[in-house]
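J.: Residue numbering for the sequence shown follows this note's numbering, starting at 202 and increasing by one per position.
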Amino acid sequence: MPHDRIPQLSELNEVLLATTGWQVAPVPALIDFDEFFRLLANKQFPVATFIRSREEFDYLQEPDIFHEIFGHCAMLTNPDFAEFTHKYGQLGYAAQKKDRVYLARIYWFTVEFGLMQTEDGLRIYGGGILSSPGETQYVYSNTPEISPMNVLDVLRTPYRIDIMQPQYYTINSIHDLFDISQMDIMTLVERAKELGLHDPKFPPKEKLAS
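1) Roughly how many angstroms separate the alpha carbons of Q329 and E407, rounded to a whole number?
2) Can you say whether S411 is buried or exposed, counting buried as having 16 or more other CB atoms within 10 angstroms of its CB?
3) Less than 9 Å between the beta carbons of G272 and R239, yes or no?
4) Am I right that I307 and V248 are in contact with their C-beta atoms under 8 Å? What's the rounded C-beta distance?
5) Is the beta carbon of T221 closer than 9 Å to that of N279?
6) At least one CB of chain B closer than 9 Å to the CB of P280: is that the case?
7) Measuring alpha carbon to alpha carbon, tell me which residue in P404, A230, A275, F285 is nearest A242.
8) Pick helix, strand or coil for Q366, following the three-state DSSP scheme.
9) Assign T319 to one of two classes, buried (16 or more other C-beta atoms within 10 Å of its C-beta) or exposed (fewer than that).
10) Tell me P349's beta-bridge partners as DSSP assigns them.
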């Protein structure tokens with residue numbers, strides 16, 4: 202991969218196809234669940250092709266190409282991560298719309314905002330953190346709550362996309378994601394619906410004045 206410019210999508214595809222059989226697909230920033238899950242189920246990772254402004258460097262609600270390449274594409278060369286993402290896409294594409302909200306929380310607290318507890322200390326693998334210098338520093342402060350991964354808890358944990366996260370979950374290795382992909386996730390979704398959501402650890406979003 203080039204170090205002095207943004208890689209072309211064809212260059213990313215060459216590397217991903219050779220390592221885990223994945224490709225990237227250009228998309229206009231955020232896409233709906235149907236298209237998102239369809240792409241992942243077909244081993245195509247959606248990549249927004251715009252890049253953030255300097256003012257948005259620390260935090261950006263919509264994924265840009267820096268977020269996609271630096272935060273996600275590198276991880277897709279890992280077979281366990283790639284398999285987890287593929288299985289997640291297949292599961293989401295087959296799921297009913299009312300259940301996809303629960304599945305989104307798994308993706309949010311792993312692929313986007315996941316942490317790993319290692320012998321050398323806390324490490325980041327979630328693309329939403331990796332592509333945010335501000336949130337990277339925030340993770341290592343004493344502010345957020347950091348808990349071991351429990352899929353049922355994750356399914357019940359609300360989140361907001363417009364703030365730094367008050368809650369993160371840790372795995373012990375990337376292989377843990379593969380193990381999650383082999384679970385009966387939809388049974389856990391039904392259990393999460395029975396138990397209800399955890400209380401949010403953030404204030405309600407303020408409504409804009411009309």
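Quick reminder that beta carbons are idealized off the backbone N, C-alpha and C, glycines included. Here the structure is a predicted model, which is why all the values come from computation and not from measurement.
T.: Let me spell this out:
1) Note that residue 329 is Gly in the sequence shown here, rather than Gln. Cα-Cα distance, rounded: 23 Å.
2) Confidence at S411 is low in this model, with a pLDDT of 45, below 50, so its placement is unreliable and the value that follows should be read with caution. Label assigned to S411: exposed.
3) G272 is not a Cβ neighbour of R239, given a cutoff of 9 Å.
4) The pair is not a contact, with the Cβ atoms about 21 Å apart (cut-off 8 Å).
5) Yes, these two residues count as a Cβ contact at 9 Å.
6) The chain labelled as chain B is not found in the depicted structure, where only one protein chain is given.
7) Selected option, being the one with the closest Cα: F285.
8) The answer is coil: DSSP assigns Q366 none of H, G, I, E or B.
9) Result: exposed.
10) T371.
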